[in-house]
Each structure stands twice: as structure tokens, then as C-alpha cells.
Amino acid sequence: MFRIGEFSKLTQVSVRMLRYYDEIGLLKPAETDRFTGYRLYSADQVEALSRIVFLRDLGFQVSEITDALRHWEDGEIERRLERKRLELERTIAQEQERLAKIRLAKQDLRQDRMSIHCAVSIKAVPACRVLSLRRVVPDYYAEGPLWAELSEFAKRSGISLSGETFTIYHDDDFREADVDMEVCAPTNEQRESGGGFVFRVTEPVPQMASMMVRGPFDRLAGAYRSFAAWLQEHGQFQMTGHSRQTVHRGPWNEPDPEAFLTEIQIPLERR
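Given below as C-alpha cells:
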């Protein structure tokens, strides 16, 4: 039997961690000296501790380690490792996205444009006859499948569509999930609506704030922040109705993300 200090040296795990594992029930000493109270460990526990350290270094939480150790011999451990691998890949993707944002922020700072200054113009947008498809989708980046579905329906039905398509966002606030959006393609045709596909005329907007945003879609958030500053400076206006978005140049007609051109439209009214 080994006292805790000896066991610590043999396993290269600190006494503090061994005491912690004892307290939470992850690795109890094989015995406790009833006279001195010393924790005593056996050679058989070296392998058990190695498994604990192995799982800990892979990012397993204490509860996950306890559960994994119970299933170490029955093959379940392989499935748990696979789940952890997928979890780590998602985490890596999220961290890479954060790194990309940091690189963009540093670039903006160097170019003295941390705030994306988008020129805001006000224009009247007339009513428009469209073929539309409205759905609640997972997030703001999930409109691609809607456009594919709308295009396939139009092609199958022999409907001619204009290239000046746009998206209407029907939620009254920003949504992290479950976004109510409607993709709209102008058309001269009027047919019976059905199957979620609607022929309708959009409402005219007499005062629409318009901003042209050049570059990747991740710059849109900065454009909205710039619009907030513009709106504060022009207190005679307030937002009303549903915002729209038109991608004039995107992945389907422009290979360089820096050359993308997105128009953000936000209805206004005078206070």
C-alpha cells in the first residue's frame, strides 16, 4: 500500500487532486489507516487513476468521467469518446469563428473603421407583386433552402421571376432562433396560392431607410449598429414595420466575399 504522497509521485498526480477525487467519490483510497487517518492506495488503483486523468485531459466533466468508468469494459466508452469528439469539433468551429471575428476587428482597428459607416438614404419603396414563401427557420443564415424551394417551384410551374429578390423579416425583434422570414421574388404572374407558395402584392413603404453593405455577411451586424447611431442622430424618425434585405451580389454571382453587396431596408415613420 502507498501513502498519498508516495502514490502522488508514482502517478504524477498532485496530492491536492487526489484529495479532491476522494472528496467527490471519483477515486477513494483503498484503505484509511484507522489510527493515523492516512489515505492508503493500492497498486491496482494506478490504472484507475490513469483512466481518470485520460478522460479529464479529453475534456470530460466529473459526472461524465464517473459514468464512463462504469462502462469502460462494455464498449460504451467508444461511443462516449465519439460524442466527445463531435462536441470538441463543434467547440473548435466556434472558436475558429471567434478568431475570425478578432482578425476582422484588428483589421478594422488598423483601418480606423471599427464602426462600419454605412451611408443611409431614405427612399420610397412601391408595392410589388411577388411569389413568396414564408417559414419559421432556425436562424438568419437558413434562408438558402427557402430560396432553393421557391426557385424549384417556379421552375416546375413555368413561372418567370425577376432577379430583384428580397427577404422580409416578420419578427418584431432580433431572434437567436426560430426566425419568421419570407423570401419574395417579383413576378408579373398571378395564380392561385397553395402549398405555402403565395402570390401577393407587398405593401408600399413611403419612407424606407436603405443601407448598402459591402463585404461578407458577418459585417451586417456592424451595419445595424451604425444604423442605430444614425437613428439616434435623426430623432425625427422611428422604426416601424418589417425590415427587408436584398443581396445584390452574393455567393451565387460573386466568388469574392469582399465584393458581396447587401442592401438593408428598414421602414421609418416620423415621430
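For the sequence shown, full-length UniProt numbering begins at 1 and goes up steadily by one. Glycine residues also receive a C-beta, built at the ideal position from the N, C-alpha and C atoms.
Residue i - partner residues in DSSP beta bridges
i	result
GLY194	PHE197
ARG270	PHE237
CYS184	SER132 and PHE166
GLU263	MET212 and THR246
ARG34	The partner list for ARG34 (beta bridge, DSSP) is empty, contrary to what the question assumes.
VAL205	VAL125
VAL15	The partner list for VAL15 (beta bridge, DSSP) is empty, contrary to what the question assumes.
Cβ distance (whole Å) where residue i is taken to contact residue j below 8 Å
i	j	result
GLU263	SER210	6 Å
ILE168	THR187	Actually they are not in contact, since the Cβ atoms of ILE168 and THR187 sit about 16 Å apart, beyond 8 Å.
CYS128	THR246	Contact doesn't hold; Cβ gap of about 11 Å is too wide.
GLN45	ALA68	Going by Cβ atoms, the distance from GLN45 to ALA68 rounds to 17 Å, so no, they are not a contact pair.
LEU27	LEU49	6 Å
MET181	VAL137	6 Å
ARG214	PHE237	Contact flag wrong, Cβ pair sits at about 24 Å.
ALA154	LEU161	5 Å
Within 9 Å, strictly: CB atoms of residue i and residue j
i	j	result
VAL183	ARG134	yes
residue 272	PRO267	Outside the displayed span of the chain (1 to 271) sits residue 272, for which this structure offers no information.
VAL130	ARG200	yes
ARG39	ILE65	no
LYS123	MET208	yes
ALA119	MET212	yes
ALA177	SER151	no
ARG249	LEU261	yes
ARG175	TYR140	yes
Delimiting residues of the alpha helix (DSSP H) encompassing residue i
i	result
TYR41	Per DSSP, TYR41 belongs to no alpha helix (DSSP H); it is in the beta strand (DSSP E), 39-41.
ALA68	62-70
PHE153	144-157
LEU26	Note, LEU26: premise wrong, no alpha helix (DSSP H); not H, not E.
GLU6	4-11
ALA48	45-57
Limits of the unbroken beta strand (DSSP E) element including residue i
i	result
ALA124	120-125
Any C-beta of chain B under 9 Å from that of residue i
i	result
ALA229	In the displayed structure, chain B is absent; only one protein chain is listed.
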